[in-house]
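2 protein chains.
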Amino acid sequence: MVQEQQTRRERQREATFDEIVRASRELLAEGAELSLRAVAGRMGMTAPALYRYVASIQELVDLVAFEIDKAATEVFSAAADTQPDDDAAARLVCATVAFRQWALANTREFSLVFANPIADSSCARRDLLTASASGLLFTDLLHDLWVQTKYPIPRVSDLPAAVAEAVTDPLIPANVEQVPLEDRGLIWVYMQGWTMLYGVVTLEVFGHMDPRVIASGEMFIDTVRSFATRIGLDHDWKRLEPLMRTRLAG
Amino acid sequence: MVQEQQTRRERQREATFDEIVRASRELLAEGAELSLRAVAGRMGMTAPALYRYVASIQELVDLVAFEIDKAATEVFSAAADTQPDDDAAARLVCATVAFRQWALANTREFSLVFANPIADSSCARRDLLTASASGLLFTDLLHDLWVQTKYPIPRVSDLPAAVAEAVTDPLIPANVEQVPLEDRGLIWVYMQGWTMLYGVVTLEVFGHMDPRVIASGEMFIDTVRSFATRIGLDHDWKRLEPLMRTRLAG
DNA sequence: TCAGATTAGTGAATGGTGTTAACCGTAAAC
DNA sequence: GTTTACGGTTAACACCATTCACTAATCTGA
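So the sequences go chain by chain: A and B. The letter at position 52 of the first sequence is residue 52 when you use our numbering, and the numbering goes up by one with no holes. One gets our numbering by counting positions in the second sequence from 1 and adding 1000 to each.
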């Protein structure tokens, strides 16, 4: 279609664009700082040339963060796929563990994607956030579980006004087209879960927690169990906890 | 005592030290970046002079973070003190709300104190963390509540090994000398609460949440309620929630 | 009291950062 | 085939942390 009649220049441009984010991610993975000079140097260019592709270093960071999120989501998704389709609970648990393990193993990447202020509310930034891949994955997993088990969710009419508005017309990542308006309480449950997960993992990544607790992962397990009861998985916990622990160890 | 026979130089040095953190906090409050040049410039000095007082910019940041934490804790403590001594629940709730409001009003300070990686585990850093004033306040408030209501806490013997170790010999801020070994399950409850509180507030501060939910504070309220049930305050929630909402609005 | 040592500051310099401006050759467009 | 736009360059500016050599003031001990 439109893709096919790409001019040579456009293809070239896109290729360098890809190389920019690739070089950036390599730098990050090597533990180096992300800087225009470093990125440019790695591709045999000079720093000012990058301004033909990004308007500022912040835009580059946002771009890279978006790509990292996409790539990490592949990992989480693969973790979920180790479990059968009809076992949504296990799939959710495995993705959650994968998220935590990835965060601890790639702390600078985690900081970039999940601990980066969105304060300035620049349009580009918000758009990227809204399309967050990991957000979509976890809402999907939670939705799948709900379809299978129909755990209790609040009625939209019972939610506070601001929340009702947010779940019926969400800006935050959520594949909500598929879920009918009456069941949007599900989004609220998702937000609750995400808040809890985010809390433990960020605390662990930043090291603001007893190192022995971090190493053991007990607070993470405790948090997941807490949310598990919230979504009616108590009866299943005897099975899910060992699964979690093996996943954490491996 | 020792203080009195301070030599002139020592007094001078301490005064300059205080001025450094004061200037740093002023910069932060004005929304400027914290840099050696800026701090030195504000005090009519040059940047290299600051190396007589701190070994690196990171050490300055840690120092300032420590002082900010101390000052902020005064604010949280004052919020608790608006409630009578025998109403530990209300005191805890008010301090919690104060924490959240302070974090949202002073996001860069919050990031400095609570979203700063402790990765390098430099001794100085760890020591400061262990002496975190806000951590001490919240453990105290939770302890007071427990003394008053004796809400259920896990037995240390029921806790996972790593957790038991962490609560009997804590590195993380906690005034635990006063609480006997059998009751150290309290520390675990504290860690759970802190994790939840940290999760919401950090998510809100970084803007990784629907702006309408942030503005309304509903997720924050929801999280506090969730923890309130955890510490046996369900029966009191009818009273505590309105208190929270007035505090959030004011 | 006075010499020697310690201390708190300076200016200059190094090497790093993001960013802007002027320029230039080459590839695309008409 | 001429013109235009693009993608790169170099040079420069304004920051940043940090180190070094040096100076002037203060403290210390004989």
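Backbone N, C-alpha and C fix where the C-beta goes; we use that ideal spot for every residue, glycine too.
Per-residue burial, residue i [other beta carbons within 10 Å of its own, 16 or more giving buried]
i                       : result
residue 80 of chain A   : buried
residue 1210 of chain B : buried
residue 1170 of chain B : buried
residue 1207 of chain B : buried
residue 1181 of chain B : exposed
residue 1223 of chain B : buried
residue 1055 of chain B : exposed
residue 148 of chain A  : exposed
residue 1134 of chain B : buried
residue 73 of chain A   : buried
residue 1009 of chain B : exposed
residue 1103 of chain B : buried
residue 1030 of chain B : exposed
residue 139 of chain A  : buried
residue 51 of chain A   : exposed
Helix, strand or coil at residue i according to DSSP, with G and I counted as helix
i                       : result
residue 1115 of chain B : coil
residue 1238 of chain B : helix
residue 37 of chain A   : helix
residue 246 of chain A  : helix
residue 149 of chain A  : helix
residue 209 of chain A  : coil
residue 1219 of chain B : helix
residue 262 of chain A  : Because residue 262 of chain A is not part of the residues shown, which for chain A are 1 to 250, the question remains open.
residue 1006 of chain B : coil
residue 69 of chain A   : helix
residue 1155 of chain B : coil
residue 1032 of chain B : coil
residue 1063 of chain B : helix
residue 1086 of chain B : coil
residue 104 of chain A  : helix
residue 229 of chain A  : helix
residue 134 of chain A  : helix
residue 1096 of chain B : helix
residue 1077 of chain B : helix
residue 1046 of chain B : coil
residue 24 of chain A   : helix
Min CB distance residue i to chain B below 8 Å
i                      : result
residue 175 of chain A : no
residue 330 of chain A : Residue 330 of chain A is absent from the model: chain A starts at 1 and stops at 250.
residue 96 of chain A  : no
residue 171 of chain A : yes
residue 208 of chain A : yes
residue 117 of chain A : yes
residue 103 of chain A : no
residue 24 of chain A  : no
residue 216 of chain A : yes
residue 39 of chain A  : no
residue 224 of chain A : no
residue 200 of chain A : yes
residue 242 of chain A : no
residue 212 of chain A : yes
Contact with chain A by residue i, beta-carbon distance below 8 Å
i                       : result
residue 1027 of chain B : no
residue 1196 of chain B : yes
residue 1137 of chain B : no
residue 1219 of chain B : yes
residue 1165 of chain B : yes
residue 1152 of chain B : no
residue 1063 of chain B : no
residue 1045 of chain B : no
residue 1192 of chain B : yes
residue 1160 of chain B : yes
residue 1203 of chain B : yes
Between the stretch 83–93 of chain A and the stretch 1163–1183 of chain B, are three or more C-beta pairs nearer than 8 Å? no
Assess, as a yes-or-no matter, whether the stretch 35–55 of chain A is touched by the stretch 13–20 of chain A under the definition of 3 or more beta carbon pairs within less than 8 Å. yes
Taking contact to mean at least 3 C-beta pairs separated by less than 8 Å, is the stretch 149–158 of chain A in contact with the stretch 230–240 of chain A? yes
Output the residue ranges of the beta strand (DSSP E) runs that lie fully inside the stretch 160–209 of chain A and measure 3 residues or longer, sorted by chain position. none
Counting pairs of beta carbons, one from the stretch 1191–1204 of chain B and one from the stretch 188–200 of chain A, are three or more of them closer than 8 Å? yes
Cβ contact (3+ pairs, closer than 8 Å) linking the stretch 1086–1096 of chain B and the stretch 1238–1247 of chain B: yes
Take every Cβ of the stretch 1055–1070 of chain B, pair it with every Cβ of the stretch 1102–1118 of chain B, and state whether three or more of those distances are shorter than 8 Å. yes
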